[in-house]
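Okay, so here's the structure we're looking at.
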Amino acid sequence: MSAKKLTPKVLINQTIHHDAIPNYNGTLALYTTTTPESHGRKFEEIHLLDTTTKKTYLLSNDASKYSPQWLRDGSNMVIMTSLDPDWSTQILVADVEGSFDMPCEVGRIPGMVYNLKVTPLKDGSIGFTVVGLADESGNLIDGKDNDADDDTFWVYDTANVRYEDSYIKSKRYSIFYSTMSKAPNGQWKLDLPLYNALHNTTLEPSGMRGPAKYGIHYDISWKGVALSAWDRSAKDPGLINSSEIYYIRLESFRAATTHAPLKLGVKNNSGPVFSPDGLAIAFCNNSEKDDRIYIHELESNTTHIAFGSEVEKEYQLDINGFRFSSNGRALYMGLEDTGRISLYKVDLRPDAYPQLLMRSGCISAFFPFGEGSDEKLLVSTSSLIDSKSYHIVHAHGGHEPELLSSTTDNGAQLGLSPTQVSELYFQGAGDYRIHAWMVRPSNFDENKKYPLVIHVHGGPSAAWHDEWYKPETNLVLWAEQGYIVVAPNITGSPGYGREFRRAVRDDWGGRPYEDLVKCMDYLECVPGIDINNAVIQGASYGGYMMNWIQGHPLGRRFKALVATYGIFNLPAWTLGHDVLYYSHSNKTGSSSMLWDILEEAERYNPARPDLIRNWKTPMLVVAGEKDYRCPFEQSLATFHTLQALEIPSKLVVFFKEGHGINMEDNMLEQYRQVFSWLSEYTGVVVQDQGPDPEEVSDADSVASGGIPGEDQYLEGRNELDRLEFLSLTPP
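Heads up: the sequence shown is residues 3 to 733, going by the working numbering.
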């Protein structure tokens with residue numbers, strides 16, 4: 003896609019390139035693309051990249067085909083799934099060097115399945131797994147994957163009630179397995195029935211709830227299945243939605259397992275991957291106190307530490323993905339690294355120190371360059387100005403990464419340049435420095451001053467990266483509107499040492515707030531910034547921070563604030579959101595219950611009366627009605643407070659969105675509302691707002707005067723086909 007300037011329309015309509023996967027000898031790579039269309043429809047394509055010539059080829063533009071991957075049989079055969087109109091799933095194979103547009107049907111699964119994985123078996127067959135919704139008997143549900151039903155109520159006896167944007171109902175997702183065999187004529191065929199790996203358990207694979215559905219963490223080998231799962235029957239609030247690692251031994255992919263899941267890691271674990279020989283499983287503990295990679299040896303049933311800060315006291319980077327080398331004697335790791343996700347390699351031997359392989363932008367995937375080869379890796383990355391690029395990286399270092407493909411020619415096709423992006427360092431609230439990204443407009447003039455917008459990230463254990471952000475939070479888009487954008491990685495951000503990340507605990511409104519004060523002090527001296535024409539915005543924890551700032555002197559240094567799905571009353575939120583373990587793991591306080599941490603929660607509660615009396619700055623509030631992480635009522639309370647104090651304010655509600663804006667049309671509307679609101683205070687002329695709101699949005703915009711009446715509110719929410727925009731002006 004080529005455009006002279008990045009605008010909301012261009013960004014949202016941009017084709018998304020997904021990570022590339024190499025074949026068995028590294029000569030070819032598969033990747034898919036997604037192009038948004040109107041009203042939530044997407045156009046899917048499958049592409050092939052020749053790693054020698056660097057040429058790409060379109061293999062399929064059939065949107066019904068998904069999850070393509072190499073068959074792993076030593077050929078260039080690709081296996082993929084295709085959803086039929088009757089909601090059954092076809093398993094297809096095709097040769098990329100033959101008639102890919104005429105794939106052979108291996109078999110048909112009577113239901114909707116996702117996350118297809120394959121593994122070669124010793125008898126020459128292929129073991130495979132899929133994820134699908136199971137009925138009460140543990141069988142794959144026949145037909146459409148639909149956890150909704152006609153019930154008008156649900157009854158719960160555990161705290162597993164909601165997750166992100168949906169209610170948790172009785173049906174559970176599970177992992178099903180079987181084999182594919184090669185007939186004498188060379189054709190593959192699917193062997194039925196499917197077997198439920200989690201039958202007679204209360205486990206469900208992690209990641210199948212919320213908008214990130216189908217992005218679960220599990221792996222397979224000839225030995226069985228390793229997965230991250232949560233126990234649907236857990237009563238302990240500290241275990242609600244808390245992932246743990248399990249291994250399910252399979253004597254055969256052609257029979258039901260007789261082995262119960264073996265728990266390998268307790269609480270907050272992720273990313274299980276098998277070693278190439280299938281005899282070991284690596285997984286990561288993601289808790290505050292124990293951020294390490296473990297390896298479990300299946301034959302000896304022992305677990306040992308492979309990498310972590312407790313082993314290497316001097317090494318303080320946070321883990322963000324890993325996999326074994328092809329020979330199984332090393333780990334490749336993505337590590338949070340000063341606003342980047344960099345690629346490292348560590349040998350699996352005592353006292354080994356990680357070796358940096360690539361530090362440019364953010365890596366999103368990395369694979370050894372072919373089976374049995376440890377010379378090179380195929381790496382997918384992005385940056386603040388480039389949405390996706392593919393590289394060859396040498397596994398032993400000493401060579402610059404070789405660029406295979408860049409979707410935007412390093413930003414040039416969108417009118418962007420690396421010179422727009424720079425890094426700042428300034429003194430924080432204590433004896434440490436804060437790192438921040440700064441992005442200037444592409445037409446930046448050194449002789450002019452530009453309005454400032456500060457972005458506060460969510461989390462609070464999150465960070466701004468040199469990464470292409472989804473449309474909802476794309477930093478470069480803001481710069482192209484005419485702002486100088488500053489995104490500081492305040493206290494709590496990973497990638498700057500464990501102590502720095504953990505320091506936000508019990509201190510939500512303390513050090514992070516003071517870091518933002520120091521940020522504004524520093525920016526007063528940065529050329530090109532009009533410090534007297536500044537605004538600030540934040541989402542999730544950043545939305546909490548907007549409410550906290552309102553009650554403090556820093557709030558008076560901004561002309562306007564934007565709070566997106568924020569938190570107003572911290573004590574009420576602690577028991578009212580979806581994931582209770584957040585309340586006592588990496589959030590406020592060390593106890594599990596509000597009544598044990600009430601003083602701590604009140605200390606940094608934006609709704610304290612003494613703080614609310616200080617609110618003065620105009621504020622836009624954005625929320626999703628289906629947000630159960632930072633429930634809509636929190637944003638509504640913020641807006642009601644602003645209205646009661648007669649502070650210029652506006653509430654935008656997206657009825658079909660949860661904790662994040664995911665529908666393309668709604669993203670356009672969000673930018674329309676946010677940029678128009680800020681324009682009133684900064685004077686920045688809004689560019690390319692998109693089509694008329696009545697054509698694109700399910701949002702209700704509420705200005706001074708309160709929210710719509712109940713009938714009007716329900717009409718706007720339930721008219722799913724007619725997208726309506728409501729605006730109430732002051733009387």
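For each residue, glycine too, the CB sits at the ideal point set by N, CA and C.
_Quick check: the Cα distance between Y249 and P514, rounded to an integer number of angstroms?_
In a straight line, the C-alpha of Y249 is about 40 Å away from that of P514.
*Can K56 and S366 be called in contact, C-beta distance under 8 Å?*
no
*Between Y68 and H49, is the Cβ-Cβ spacing less than 8 Å?*
no
_According to DSSP, simplified to helix, strand and coil, what is P70?_
P70: strand per DSSP, three-state reduction.
*Enclosing beta strand (DSSP E) for Y296 [first to last residue]*: From DSSP, the beta strand (DSSP E) with Y296 extends over R294 to E299.
*On the three-pair Cβ rule with 8 Å, is the region 455–474 touching the region 541–551?*
yes
_Secondary structure of E659, DSSP reduced to three states_ = coil
_Bounding residues of the alpha helix (DSSP H) (the contiguous stretch that carries W550)_ = Y543 to Q552
*So, using beta-carbon positions, are T640 and V623 closer together than 8 Å?*
yes
*Pairwise C-alpha distance: W439 and V488*: Roughly 6 Å between the two C-alpha positions.
*Would the C-beta of K67 count as close to the ligand GDP, meaning under 7 Å from any of its heavy atoms?*
Ligands in the displayed structure: none, and consequently the ligand GDP is not present.
*Going along the chain, which unbroken runs of the beta strand (DSSP E) with 3 or more residues stay wholly within the region 49–97?*
If we require 3 residues or more, the beta strand (DSSP E) runs fully inside the region 49–97 come out as 58–62, 67–72, 79–85 and 91–97.
_At the level of alpha carbons, what is the spacing between H20 and T409?_
11 Å
*Where do the ends of the beta strand (DSSP E) carrying N287 lie?*
A282 to N287
*asked:* By alpha-carbon positions, which one of R342, Y179 and L319 ends up nearest to P356?
replied: When each option's Cα is compared against that of P356, the closest is L319.
*asked:* Below 8 Å on the Cβ atoms is my contact criterion, and I expect A562 with L405 to pass it. Report the Cβ-Cβ distance as a whole number of Å.
replied: Taking the Cβ atoms as the reference, A562 lies roughly 41 Å from L405, outside the contact range of under 8 Å.
*What residue ranges within the region 99–174 form continuous beta strand (DSSP E) runs of no fewer than 3 residues, ordered along the chain?*
106–111, 115–122 and 128–136
*Under the three-state DSSP convention, the category R435 falls into*: It is a strand residue.
*Entirely enclosed alpha helix (DSSP H) segments - the region 490–551, minimum 4 residues*: 500–504 and 513–525
*Count the other CB atoms within 10 Å of the CB of P529; is the residue buried (16 or more) or exposed (fewer)?*
exposed
*So, are the CB atoms of G295 and L264 less than 8 Å apart?*
First, the residue type needs correcting, since residue 295 is Ile and not Gly in the sequence shown. Cβ atoms of I295 and L264: not closer than 8 Å.
*In whole angstroms, what separates the C-alpha of N535 from that of F560?*
7 Å
_For S328, tell me which candidate among L379, Y606, N303 and R351 has the shortest Cα-Cα distance._
Looking at the Cα atoms, L379 is the closest of the given residues.
*N25 to G413 span [Cα, whole Å]*: 28 Å
*In the structure shown, what three-state DSSP assignment does S651 receive?*
strand
_Strictly under 8 Å for the Cβ-Cβ distance: is V395 near chain B by that measure?_
Given the protein chain composition of this structure (a single chain), no chain B is represented.
*In chain order, what residues of the same chain have a beta carbon less than 6 Å from the beta carbon of I143, not counting five sequence neighbours either side?*
G113, L135 and D137
*Test item: CB-CB of D580 and Y165 under 8 Å*: Result yes, Cβ atoms of D580 and Y165 sit closer than 8 Å.
_Below 8 Å on the Cβ atoms is my contact criterion, and I expect R74 with P122 to pass it. Report the Cβ-Cβ distance as a whole number of Å._
5 Å
*Name, in chain order, the residues that DSSP records as bridge partners for A565.*
G540 and V623
*Alpha carbon to alpha carbon, how far is G109 from N187? Give it in angstroms, no decimals.*
In this model, N187 and G109 are separated by some 16 Å (Cα to Cα).
*Could you check if D598 is buried or exposed, using at least 16 other CB atoms within 10 Å of its CB as the buried criterion?*
exposed
*asked:* For a quick check, are the C-beta atoms of H661 and Y567 less than 8 Å apart?
replied: yes
*DSSP three-state call for V12: helix, strand or coil?*
helix
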